[in-house]
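Under the numbering used here, the first residue of the sequence shown carries the number 1, and numbering increases by one thereafter.
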Amino acid sequence: MSYDDILYETEDRIATITLNRPHVMNAISPNMEAEMHHAFDEADADRDIRVIILTGAGAAFSSGYDQGPSETGRKKGDPKGKTIAEYIEQFQRSDSKNVEKWTHMWKLGKPIIAAVNGWAMGGGFWYQLAADITIASNKAVFAQPEVRHISNSSFLFTALCGWKAANRWALTGDHFDAEEALRINMVNEVAPHDELMARTRALAGRIALTPEPAVRLNKAIAMQGLQASGVTAALLVEGALGALAHSSHDDYREKLFEVQRTEGVRSYLQMRDGPYQPEPMGPRSAKARATRKAENES
């Protein structure tokens with residue numbers, strides 16, 4: 001099958017799926033998401049493929065769900081022109097589908113390794129959480145900045161990293177770097193940026209050496225056991241509460257949307273994120289500036 005918004009390549013029993021909208025930092029459009037899941041199924045059905053790598057083209061793994069204007073010219077989630085019932089319905093339908101996306105990945109017989117090459121924000125953050133294994137570039141940046149315009153986190157973050165870490169980052173939308181991601185056990189490994197894909201492929205190659213039934217069944221033990229332990233039930237609760245968060249429109253968010261309608265996404269993001277600057281970690285943080293200054297002085 002040919003794809004428009006992803007690249008699909010196979011070599012040495014490894015399928016590599018590359019999110020390929022670098023001009024918008026691989027923002028997840030409906031078509032990209034549909035293609036990604038179709039590619040998961042394509043790789044899973046190919047008996048020659050043993051492992052799947054998911055990564056991004058350019059400077060980002062994924063900046064999250066596309067925040068650009070919709071067909072109406074307005075930001076997705078803008079309540080203008082909708083009744084209260086229509087607005088709530090929109091989010092209830094979309095948020096209730098999240099559990100299907102993650103369980104689809106977990107039901108595959110082939111493990112997915114997320115190779116996070118840069119920004120992993122919002123929905124991109126969630127996809128690397130849902131992967132079976134995550135390896136991050138030392139240039140990777142993680143965040144859920146959407147909480148700053150009233151949105152939800154994912155219980156996957158709590159399940160993986162514990163509630164203390166999840167609350168620290170999900171209640172602010174702050175950026176954090178690959179070192180912090182490793183410290184809170186969100187990623188398996190941090191690699192130098194120019195070694196990321198080589199390291200990822202090396203691990204994928206080691207998994208490919210293991211007999212296929214062992215890989216398939218041991219992944220099932222981990223991921224189906226996780227679901228049986230209560231994670232799926234928690235994700236169903238997340239879908240309901242996420243829809244409530246998304247539809248909790250207030251005066252502040254109306255001001256944000258009005259800025260987006262009249263001045264565009266860049267001004268919208270400046271209004272939303274400006275009060276949180278400087279970020280505590282990541283390439284625009286005070287920490288990063290101090291590091292660059294020390295390097296320049298040495």
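C-beta atoms are modelled at their ideal positions from N, C-alpha and C, and glycine is treated no differently.
For residue i, the residue or residues it bridges with in DSSP
{"i": "residue 119", "result": "60, 141"}
{"i": "residue 99", "result": "According to DSSP, residue 99 bridges with nothing at all."}
{"i": "residue 114", "result": "54, 134"}
Sub-8 Å separation of residue i and residue j beta-carbons
{"i": "residue 119", "j": "residue 157", "result": "no"}
{"i": "residue 178", "j": "residue 136", "result": "yes"}
{"i": "residue 25", "j": "residue 6", "result": "no"}
{"i": "residue 87", "j": "residue 122", "result": "no"}
{"i": "residue 17", "j": "residue 8", "result": "yes"}
{"i": "residue 105", "j": "residue 155", "result": "no"}
{"i": "residue 109", "j": "residue 44", "result": "yes"}
{"i": "residue 67", "j": "residue 75", "result": "yes"}
Whole-angstrom distance between residue j and residue i, CA atom to CA atom
{"i": "residue 195", "j": "residue 117", "result": "10 Å"}
{"i": "residue 276", "j": "residue 175", "result": "10 Å"}
{"i": "residue 186", "j": "residue 244", "result": "27 Å"}
{"i": "residue 221", "j": "residue 152", "result": "29 Å"}
{"i": "residue 213", "j": "residue 57", "result": "32 Å"}
{"i": "residue 180", "j": "residue 173", "result": "14 Å"}
{"i": "residue 163", "j": "residue 182", "result": "16 Å"}
{"i": "residue 248", "j": "residue 99", "result": "21 Å"}
{"i": "residue 268", "j": "residue 94", "result": "23 Å"}
{"i": "residue 184", "j": "residue 161", "result": "6 Å"}
{"i": "residue 230", "j": "residue 237", "result": "11 Å"}
{"i": "residue 199", "j": "residue 167", "result": "31 Å"}
{"i": "residue 169", "j": "residue 4", "result": "34 Å"}
Buried or exposed (CB count within 10 angstroms, at least 16 for buried), residue i
{"i": "residue 102", "result": "buried"}
{"i": "residue 111", "result": "buried"}
{"i": "residue 28", "result": "buried"}
{"i": "residue 84", "result": "exposed"}
{"i": "residue 23", "result": "exposed"}
{"i": "residue 270", "result": "exposed"}
{"i": "residue 254", "result": "exposed"}
{"i": "residue 210", "result": "exposed"}
{"i": "residue 145", "result": "buried"}
{"i": "residue 217", "result": "exposed"}
Heavy atom of the ligand FAD within 7 Å of residue i beta-carbon
{"i": "residue 60", "result": "What this structure holds is no ligand at all, so the ligand FAD is not there to describe."}
*asked:* List, from N- to C-terminal side, the alpha helix (DSSP H) runs of 4 residues or more that fit wholly inside the region 5-66.
replied: Correct list: 30-45.
*Taking the runs of the beta strand (DSSP E) that are 3 residues or longer, which of them lie wholly in the region 168-216?*
189-191
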